[in-house]
Amino acid sequence: MTDSAKPTLLVVDGHSLAYRAFFALPVDNFSTKDGQHTNGIYGFLAMLINLIKAEQPTHLAVAFDTSRQSFRTREYSEYKANRSESPSEFKGQIPLLQDCLAAMSITVLQKEDIEADDILATLATQGAEAGFSVLVCSGDRDTIQLVDDDITLLYPNVQGVSQLKRYDTAAVIERYGVRPEQYPDIAALVGETSDNLPGVPKVGEKTAVKWLGQFGSLDALLENADKVTGVVGANLREHIEDVRRNRTLNRLLRDVELPVGPLDLAVQPMDAQAVRDIFARLEFKTLIPRVAELAGIEQQMAAVTSAAAVPMPVAVEPSPTDLRAWLDAAAGEVGVTITLEGGLPNRIGFATADAAAEASWTPEVSEAISGWLASASPKVFSDAKPQVKALRRAGIRLGGLAFDTSVAGWLLRPSFPDKTLADLVDRYLDEKLPEADPSQLVPETEGATPGQLSWFALRVTAALRAELSPSVATVLSDIELPTLLALADMELAGVSVSHEKLAAFSSDLGERADAFALEAYAAIGREVNLGSPKQLQEVLFDELHLPKTRKTKTGYSTDAAVLADLQETNPHPFLDLLLQHREATKLRQIIESLDSAIQNPASGGDGRVHTTYVQTGSQTGRLSSTDPNLQNIPVRTSESRRIRAAFQVGDGYDTLLTADYSQIEMRIMAHLSEDPGLVEAFISGEDLHRFVGARVFGVQPEEVTSAMRTKVKAMSYGLVYGLSAFGLSKQLRIEQAEAKQLMMEYFARFGAVRDYLRSSVERAKIDGYTETIFGRRRPFPDLASPNRVLRENAERAALNAPIQGSAADIMKIALFRIHDDFASHELRSRVLLQIHDELVVEIAPGEWDAAERIVRDRMGGAAELTVPLDVQIGRGDDWNDAGH
DNA sequence: ATTTAGACGTA
DNA sequence: CGTACGTCTAAATC
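Throughout the first sequence, residue numbering follows the numbering used here, covering 7 to 890 in sequence.
So, in C-alpha cells, the structure goes:
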C-alpha cells in the first residue's frame, strides 16, 4: 500500500542490475556496427523505463560501485575475492550506461571506497526520514535489511531483470521467515557464497530462522552458542568469528556522505537531443519512442483533449457530379465507408478532417466516383474487405487503400483486437460513437451516418498512427493492406466443390457410423448417446469400471488419446467401436457443413464455396477461415482425403495447382538461431529429420531408422511450441527419462537453437512483446505474471510467436505478390485458398507455365533467410490429386 | 435462444 | 506439462 500523497523516491543499483541484464540477454544480438556490446545497457534501460512508467517516481537516482575495492575489502581481504573477472564484453558498458542516464537527466552517484548498496541505504534512510515513499531496486540480497514501512525493495527474479519482486515487510517475512532488519543475521549465519563469506556449515535458512526464533537475536544466540546441541551446534561454536565478521560486513552504511540528498533528486526533463544522440550511437531504435513516451506524457494528453473539440460534421448529400468535385477537392486522406445491401454497395460516405459527404449507391453515383475510387488517391477504411468486395461486385477495383483501422487496431493489440469502429473510438479517442438503439423500433438515438463513420475512421486513424511503431506501420502498409486486397479476390472467387462427390461419401459414412453405433451398443448391452462425453463417462468408468483417465473441468476425459491408452491397458471392444464411430461422424459432419456452404447453382449460385478469411483472427499474424473453415479440411487419412477430392477445378479452368512451403517453421528457426548444424541441414538439401537424426544419434544419415526419424521429428516440431520432456514422452509414448535424454542429445548438437529460444523469451520479458522477422509485434503481459501457470503459458506462446508469425508474414508476402503478378501479367489464373503454408491456385487454360513460375518465384523469394525457402508444387484436377 | 465444454479437424 | 485456429454436439443456462 503506497500513500499516493507522498512523493516517491526510487534508488537503483546500476552495476548489479546492468550485470544481470548482461547475462540475461545474448551479447550477439546487442552490438553496434563498430563492435560495442550493449546488451547490459539495453536491458538496464528497458527495465528502468518500465519501472519509471509503473512506479511514477518523483525523485530518482542510480548508484554505481567505483571499483572492486571498497572499505569491506580492506576489512576482510577475502571479501568477494572469489568473483571472477567480469567478462570483457561487459567492460565499457557501464560508462556508456552512465552517459545514457546523464542524457536522461538522471542523477548518477558513486563514491570511492563505498559500494552502491551503501549509497542506496543512505538515500533510502534519508528519504524515509524526509517523508518519501522509497523504492530500492537492487540485485543484492543485503538490501533486504533496508525494508520497512516506508522502504520497499524491488528485487530481480532469478529469471532475469525483467521481473522485479516487491518486498515490503510482509513479503520479507513471508519469504524469509524473519523481519527485514533480522535478515542480515540469517545471512551472517548461512553465509554468502557470492561474496565469499562462508557461514556455519550445515546451517541454512531454516536452521538460522529457528535459532533466531529460539534465542531472540543473533547476539543472544552467539552468547548461548554452547546451548546448541548436535553437529550444527559444534559447527556454530567453531565458526562464531566468521558469523561476527559476516554480520559486520553485511551491514549497509546508512550515513555515507553524499553530494546530494533525496530532495535534490527530483525528476528532471530530459535533454531530448542528447538522448537521441547517444541512443543513435548505441543503435537503440526501439528504446527511443519508449523514452519519448515517458518524457512526453503531458504533451500527448494535451493533444488528445484539444482534438476532442472538433465537432462531428453533418454530412452533405451532393449530386453525383458535385460529389465527384467534392472528392477531387479534398486534400489528403479521405475516410470512406460503404454500407452493404445483399453484398452490393448501398450507401457510401466520405469524410475529411472537418467535412463529410454521402450518397446512395446509384448507377449515376457509381459512374461519377468510380474513377476516384479506383485511383491512387489515399483512402482510409474501417474493415475494408467486405467493402472492397462490394465494390468489386459493382465492377470497381479499389485503389489507394492507405489505412484500415480494424487491421491496425489488431496489429497493435492482436490478443484483444477492437472488433468494431465503435470499440476503436472508445479506446483511442475516448469518445462514444453515436449508435442507434437497436432495442426500439423507432430508435431514440440516431446512429452515425456513413459520412460520419468515415470521419470517425479518419480520426481513429490519426490516433492509431501515433501508437504504431515504425516496424508495425510497415507491416500494415507493406504486408497487411496488399494482403487484404488479395483476400477479397480470393473470397469472391471461391472454390468449386462437387456436391455429388460429397453426397456419395456422406451416405457411405452415415451407414458406417450407424453400424458402429449398433455394435457399440451391443458391446455394452445398452444404447447410449455416443456423442455425449458425459454419458460416455458413465459407461466407461461406472459401468465398465475402466481406470479413471485425465481429469477435465467436469469429469474425466474420453478423447481419442485417452481411449487409445485405455485400449492398450484394458482392451474392450466398445473402445475401438467408439473411436471408429467418432471418426465416421466427424467426417460426415465436416462434409455436411461443407455441402451446405456450396452456393447452389439451382438458386442462382455458382456451385462454389466462398470462405471468409479473418485477417484479424489470430494473435500471431496468421489468417483464420470461417463460414466455412477451409483451413481444417482433413488430409491425414486416405479415407478423409476423399473430401479433398471433392474440391475440384472449376468450369473454364484447366487444373489446380498446390504449392506449399516445406518445413518453413524449422527454416525460420534455423535463420533466427543461426545454428550451424541446422543451417547446414537445410543448405545440404538432405531430408531434415534424417540429417538431424544422424547428428543426434551419432550415425550416418543412411543409418537413421524410421523410429529415430520419428523421434527427432517430434522433437524438432515440439521445439517450436515450447515442448517439455514430459510432453515429448507422452507424444512418443516413451519414458520421460528417455525423452529427457533425447532432448539433451538434441541440444548438445544443436545448442544454438536452445540459446535462441531462451534468449528470445528473455528478450520478450524485457520488451514486453515479441517481434517477427518483419517487425510484427505481439505483447505478452503475462510474462511478468506471478501466477506460474499463466507465466509459463505465456512463455511457450512467446517462444512460438516469432516463428509462427514470421512464417505467416512470409506467406502473406508471397500471396499478395502472386495475386498482383497474375493481375499485371493479365493471367486469368487465380489464387483460391491459403492454408497457412499452402496455396491452392486455379489455373486457366494455357497458363500453367507462367503461373507456376510466378508461384515458385514469389514463394521462394518472399524472404531472404540464411537458408533457402523450399517450395513444393503439385498439379491435379482436384485438391487431393494436386496435393502430395 | 445463447453460452460453455469437450472433442477434433488443420498448419 | 506443445503453438495457432474454427466448428460440431450435448448440456447447461438464460
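C-beta atoms are modelled at their ideal positions from N, C-alpha and C, and glycine is treated no differently.
If you run the structure through DSSP and keep just helix, strand and coil, what is residue i?
i: L160; result: strand
i: N799; result: helix
i: N635; result: coil
i: N35; result: helix
i: F653; result: strand
i: F70; result: strand
i: G733; result: helix
i: V478; result: helix
i: I841; result: coil
i: L833; result: coil
i: D410; result: strand
i: P295; result: helix
i: Q99; result: helix
i: L871; result: coil
i: A308; result: For A308, the pLDDT reaches just 35, beneath the cut-off of 50, and the residue's location in the model is therefore unreliable, leaving the point undetermined.
i: K171; result: strand
i: F387; result: strand
i: E709; result: helix
i: Q747; result: helix
i: L346; result: strand
i: D225; result: helix
i: A499; result: helix
i: Q446; result: For Q446, the pLDDT reaches just 48, beneath the cut-off of 50, and the residue's location in the model is therefore unreliable, leaving the point undetermined.
i: A314; result: Here A314 scores only 48 on pLDDT, less than 50, and its place in the model is too uncertain to base an answer on.
i: G341; result: strand
i: R673; result: helix
i: P190; result: helix
Kindly indicate the opening and closing residues of the alpha helix (DSSP H) around residue i.
i: K540; result: 539-543
i: L218; result: 211-221
i: E574; result: 566-575
i: Y182; result: 175-182
i: D666; result: Where D666 is concerned, there is no enclosing alpha helix (DSSP H), although the beta strand (DSSP E) it sits in stretches over 661-667.
i: N252; result: 246-255
i: V620; result: It is not in any alpha helix (DSSP H) - V620 instead sits in the beta strand (DSSP E) that spans 618-620.
i: T591; result: 579-603
i: T79; result: 77-81
i: T776; result: Segment 775-777 is the beta strand (DSSP E) holding T776; no alpha helix (DSSP H) there.
In terms of residues, what are the limits of the beta strand (DSSP E) holding residue i?
i: A11; result: Here A11 belongs to no beta strand (DSSP E), and DSSP marks it neither H nor E.
i: N45; result: Here N45 belongs to no beta strand (DSSP E); instead the alpha helix (DSSP H) covers 45-61.
i: T149; result: Looking at the DSSP string, T149 is not in any beta strand (DSSP E), and its letter there is neither H nor E.
i: I879; result: 877-882
i: E364; result: 362-366
Excluding the 5 residues flanking residue i on each side, which residues of the same chain have their C-beta closer than 8 Å to its C-beta?
i: P175; result: Position check: residue 175 holds Thr in this sequence, whereas Pro was assumed. These residues qualify, in order along the chain: V153, D154, D155, R185, P186.
i: H65; result: P13, T14, L15, L16, G133, F138, P268, L269, L271, A272, V273
i: D571; result: T555
i: L447; result: Legend: pLDDT at L447 = 46, less than 50; position of this residue unreliable, value from coordinates given subsequently. Answer for L447: no residue qualifies.
Give a yes or no on whether the C-beta atoms belonging to residue i and residue j are separated by under 9 Å.
i: R3; j: Q637; result: The structure shown does not extend to residue 3, since the chain is modelled only from 7 to 890, so the question has no answer here.
i: S144; j: D119; result: no
i: L170; j: L57; result: yes
i: R257; j: Q151; result: yes
i: T560; j: K592; result: no
i: E61; j: L141; result: yes
i: I47; j: Q99; result: yes
i: A193; j: N252; result: yes
Please return the same chain residues whose Cβ sits closer than 7 Å to the Cβ of residue i, not counting the five positions on each side in sequence.
i: G867; result: none
i: W461; result: M318, P319, G341, A357, A362
i: E858; result: L663, I879
i: H890; result: Q878, G880
i: I485; result: F780, D815, K818, I819
i: S37; result: H43, T44
What does a CB cutoff of less than 6 Å around residue i pick up in its chain, not counting 5 residues either side in sequence?
i: R836; result: A499, E848
i: Y727; result: N806
i: A223; result: The sequence shown places Ser at residue 223, not Ala. Correct list: empty, nothing qualifies.
i: D34; result: none
Which whole runs of the beta strand (DSSP E) in the segment 109-140 are 3 residues long or more, in chain order? 113-116
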